[in-house]
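Going down the list, the protein sequences come from chains L and Y. If you count the first sequence from 1, you need to add 5 to reach my numbering. If you count the second sequence from 1, you need to add 1103 to reach my numbering.
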Amino acid sequence: MTEARARIVLGATCYAEAHSALRIGLRVAARFSGELNAVLIEEEAVLAIARRPGARIITPAGQRVSGIGAESMAAAFLRDAERFERELAAAASSLPARWSFARRTGRMAALLTEAALAGDVLVLGGAPLARTSGDVVYLAGSHADPELEAIAQDLAADLHRPLKVILADETAAAPETVVPREVIRPRDAEALRRELARLASDTILIANLANVPPDMPEVSGPARFTRILRSNAPREDAAGD
Amino acid sequence: MTKIVTAEPLGAEALGGDFDPDTLGFATTKELEPLDAWPGQDRALGAIRMAAKVPHSTFNLFVLGNAGSGRHEATRAELARAAAERDNPNDWVYVNNFDDPRRPKAIRLSSGKAEELRKVVEKLIDDLANDLPALFESEDYQTRRRSVEEEFSKEQEAAMTELAEKARARSVAILRTPMGFAVAALRDGEVLTPEAYRELPPEEREKIDEAVGKTEDELEAILKHVPKRVKDQRRKVEELNVAMAEGGVDAAISDAMAQFEGQDEVIAFFKAMRKDMIENAELFLIQEEGARAGGFPVATTKHYTKPQFQRYLVNVVVSQADGQDGAPVVVETLPTLSNLIGRIEYISHQGTLVTNFTMIRPGALHRANGGYLVLDARQLLTEPFAWDALKRCIRTGEIKIFSAGERLSLISTVSLEPDPVPLSVRVVLVGERILYYLLTALDPEFPRLFKLEADFDDIVPRSPETRELFARLSASIVRREGLSPIRADGVGRLLLESARVADDAERFTLNIGKLSDLLCEADHWAREAGAEAIREEDIETAIAAADRRAGRIRELSEDAVARGTLLIDMDGARVGQINALSVIDLGGTRFGRPSRVTARVRVGSGKVVDIERETELGGPIHSKGVMILSGYLAGHYATELPMSLWASLVFEQSYGGVEGDSASAAELFALLSALANLPIDQSFAVTGSVNQFGDVQAIGGVNEKIEGFFDTCARAGLTGRQGVLIPVSNVKHLVLRDRVVNAVREGKFRIIPIGTIDEGISLLTGRPAGDRDSKGAFPEDSVNGLVEARLTEFAEVRRRFGQKRGKEGEDE
């Protein structure tokens, strides 16, 4: 029996997130030699907002646009999906890995649950407003994950970013395999949440879901920064044996 | 000079086939010093030497001469000698014009410096390709960049974080959507749906609307600052990048510039390159996939070969080779337009033809700049646009690259306009004389641009001195071709053949091409025979073999006579009929053959009809010959009477064209025979032209003509009476084959020189021609007496006929 190769699931709800997910996901895929599955989630909550009479949005340039409607939002989702797929196809051509792309209407949380159950590596794109140099943050806990630790170390080196370790609970210790510039030990879960909420929008957060306390929307909900997540669930055998 | 007796057969010794090899004074050519000069070509060599030294741009040279005369070799050797005494010319490179890439810059460098510049630049690129990425990956740069980015993002991040906290407190969510940001109310951590919203009491909806509106206002305010911040941040990062790149580039380029101090054009190029490198520093940061995993460490990679660095390369167009001493002598054997002035190559990129300065290729003019360019005139003139381009370059004094496609507007892609390169070259054209004369006559620019001519003559007088030169020339040929040496008797035979090629017993040819061919073949026969040197018999065999190979048409012609298809009498006598001789030239070979010429006469109005001309088979020179013999008749006989002759002349069984006047004497003899009603001895053939006074004049191809008649007679059986009447002025041209000489020696064949028509007609009719006596009359029984009597009779008949016609007219 051969070892199952990891599936790398790239999740995004818009092109801005997809761009970040792809940029980081390709590096992760190169390390894991895993299959790339990209998913553009047409977030139910966003569709619900668009259905509301007089719904409005604020563009990244600060312009308020009213009366957007469900149809125009659906068209925008389609445009972003097509662009995501196109860039994925172009980028993945240089990788030996197989790749796929899907559009799905639902919730990002559901994708997270599925990936966690399947033992996949989930890369959720963040959407910084401007180019910044956020940290690479590794969320350490009682469950050691040497592969994620290695990814954290490599990304920090490749992207010339400081590596920061946040300890998720009082029993956790900084992994020996990484050399962080800073180690932060929040007092409790609320302090951890606030710490995560303060992270810059260009941060890359890497965490094993087993180390994430419950009710932590900065990790599992819509977030401003890119996240690399996975659970300790056994991987499905992607190779079929 | 021995006086030749006319109307008497020549002895075998007068036939040019004799040479004593002992007079040469060597056993084989191995003993001889090879010849490094060209005998008899002082005039031409002087012109070449002058052309090599005169500085004026229009004193270019045309070398005239026959193929094989050694003109190419002599030209090259003389120019090489002159070139060695001159300074090495400059090197030339093309570099990118960073301000306008369509107009690459040409830079002149001192000799041998072009390659140095190329290597310096390649090293500079390699250094920067290694150093700049390291510089931008350094902790120093990363820290400074982070500092710049944080400076601009800190305030924004803080505002967004604060807003997020406020939104959380207000139970609203800020969501990223494909269209921008949306703000929505939350209930139990979930976005409130429109349906749930509608079911809420109005006061609660009002609260929610207020919270959402407030958050939207604050978000809008934060986001409005983003574009300006992004712009400021980008500008600061660019300034940082430029500062970093400047440091790296300056450190690397200063060493390179120091090596070319004082060369202003090169320094200007380095300065332009420095500016471009700093502005485009990202070119050095492009990460090549797998670079770290390659077979060689990055430091030894040839980065300058990467496409992004092509803009900085140095395209060496002309570089003087290491150790070269003197000016170049370039011989361009394929002088196409592009081989002459250079070309701009293209590559196909995504279906479009693209080019750049690295694809400029030099032409022969670039390589010869500062020296000499030797071209074959015929090849040059047959290449489209090449002659025109060469003249333009000489006239303007610069090499401007263009293509035939551009000239004909066939290319519709972006092309280059490289800087023209100043030109200082001596162009030497080598070609046949006819080309020189045609160019002089038809191209008004030619005499202005090619003011010198070097005329190679490959025929030299036969003397002891030239014989020695000939022997040394033969020695040079066999050494150069790797052939066996030539024995003295072989050189003697070669000399005779050389005289034969020259068509002159008193001169011989120095046509190296022909001699070389003959020696190669003789060497083959010598080796076949196991001889260590080329002997007389080997040369004889080679000549015979060459004759045989080319002899099919000649044999067919002889067969036609032997089988009676072509009517030629070689015995007996007939009135108004004679054997004339003609030469058939088939390019590489030529041979003589007899043709029957006949004449018929009657009373007429003084017209000699040239049937060849009437049927448009005769050429103008032949017609001229016939008219001359009419003049001879009119001025020689019955001058007080009107010419009342009608005569016709024809080459029997001739179905091709007839040209030349070498049969005019034979035609006159036939005419005189017909007028005198005296038969001509058919054992003779005649060649020679005639003037209006009855002098027989020299003709060409005398050897082939004699041999043609001899071979025809020999085939039928030699009678001992047979022979050829030739102009006495052609005796010096006799270099006959041994078979003819031997037959003459044995009395089986005769060659009789004649000086006048009277001598010839006497021999042909066996009756004296006759001279006018004191009363002005020819002896009655003489040929001339009979001719005059006949013409007088014709005049009388015509007079009577005229009177009769006049009387009949009166009666009517």
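Think of the CB as a built atom: it goes at the ideal place given N, C-alpha and C, for glycine as much as any other residue.
Cutoff 7 Å; reference residue i; Cβ partners in own chain excluding five residues on either side
i       : result
Y:A1355 : L1227, D1230, L1231 and D1234
Y:E1218 : V1419 and S1422
Y:C1496 : I1444, L1468, I1502 and L1526
L:S71   : G59 and R61
Y:L1542 : F1549
Y:A1608 : G1119, A1602, K1835, H1836, L1837 and V1838
Y:K1216 : D1194
Residues that DSSP places opposite residue i in a beta bridge
i       : result
Y:T1701 : Y:Q1680 and Y:V1753
Y:F1165 : Y:L1532 and Y:E1556
L:L234  : L:L127 and L:A212
Y:H1452 : Y:T1455
Y:F1897 : DSSP, once it has assigned bridges, lists no residue as partnering Y:F1897.
Y:G1171 : Note: Y:G1171 sits in no beta bridge, so no partner.
Y:I1447 : Y:I1463
Y:F1904 : Paired residues: none, contrary to the question.
Length of the line joining the Cα atoms of residue i and residue j
i       : j       : result
Y:E1252 : L:P167  : 14 Å
Y:P1856 : Y:A1702 : 23 Å
Y:A1287 : Y:Q1413 : 55 Å
Y:E1658 : Y:Q1825 : 20 Å
L:R109  : L:A75   : 16 Å
Y:A1348 : Y:I1381 : 5 Å
Y:A1737 : Y:D1874 : 16 Å
L:A107  : L:A115  : 15 Å
Y:V1108 : Y:A1115 : 14 Å
Y:V1490 : Y:R1536 : The sequence given here places Trp at residue 1490 of chain Y; Val does not occur at that position. If I take the Cα positions, the gap works out to 17 Å.
Y:E1136 : Y:L1576 : 9 Å
L:A120  : L:T176  : 26 Å
L:V184  : L:S206  : 23 Å
Y:I1656 : Y:S1733 : 35 Å
L:R67   : Y:L1519 : Per the sequence presented here, residue 67 of chain L reads as Gly, with Arg not at that position. Cα-Cα distance, rounded: 48 Å.
L:P218  : L:S105  : 31 Å
L:D159  : L:E152  : 11 Å
Y:R1337 : L:D140  : 20 Å
Y:L1343 : L:P65   : 27 Å
Y:A1625 : Y:D1662 : 29 Å
Y:V1315 : Y:E1321 : 10 Å
L:L144  : L:A179  : 9 Å
Residue from the options with nearest C-alpha to residue i
i       : options                               : result
L:V126  : L:L164, L:I29 and L:A205              : L:I29
Y:L1468 : Y:R1902, Y:W1195, Y:P1112 and Y:R1848 : Y:W1195
Y:D1283 : L:A173, L:L15 and L:C19               : Asp is not the amino acid found at residue 1283 of chain Y; the sequence shown has Gly there. Ranking the options by Cα distance to Y:G1283, first place goes to L:C19.
Y:Y1539 : Y:R1481, Y:T1569, Y:R1908 and Y:D1561 : Y:R1481
Y:Q1144 : Y:A1276, Y:T1569 and Y:K1339          : Y:T1569
Y:T1822 : Y:E1849, Y:G1173 and Y:A1578          : Y:E1849
Y:A1846 : Y:E1810, Y:A1605 and Y:G1707          : Y:E1810
L:I171  : L:V224, L:V128, L:D220 and L:A162     : L:V224
Y:G1728 : Y:L1748, Y:Y1740 and Y:T1790          : Y:T1790
Y:A1574 : Y:L1622, Y:R1248 and Y:A1557          : Y:L1622
Y:R1901 : Y:D1784, Y:R1705, Y:G1858 and Y:N1199 : Y:R1705
Y:G1473 : Y:G1909, Y:S1213 and Y:A1140          : Y:S1213
Y:F1852 : Y:I1860, Y:F1505, Y:E1319 and Y:V1843 : Y:V1843
Beta-carbon proximity list for residue i, same chain, < 6 Å, skipping 5 on both sides
i       : result
Y:T1644 : W1628
L:A132  : A21 and E22
Y:D1558 : A1147 and L1167
Y:S1776 : V1678, G1679 and I1783
Y:V1517 : none
Y:I1311 : A1288
Neighbourhood of residue i by C-beta, 8 Å cutoff - its chain only, sequence neighbours within 5 removed
i       : result
Y:A1892 : E1883
Y:K1156 : A1185
Y:A1272 : none
L:I63   : R69 and V70
CB contact below 7 Å: residue i versus chain B
i      : result
L:D193 : In the structure shown, chain B does not exist; the protein chains are L and Y.
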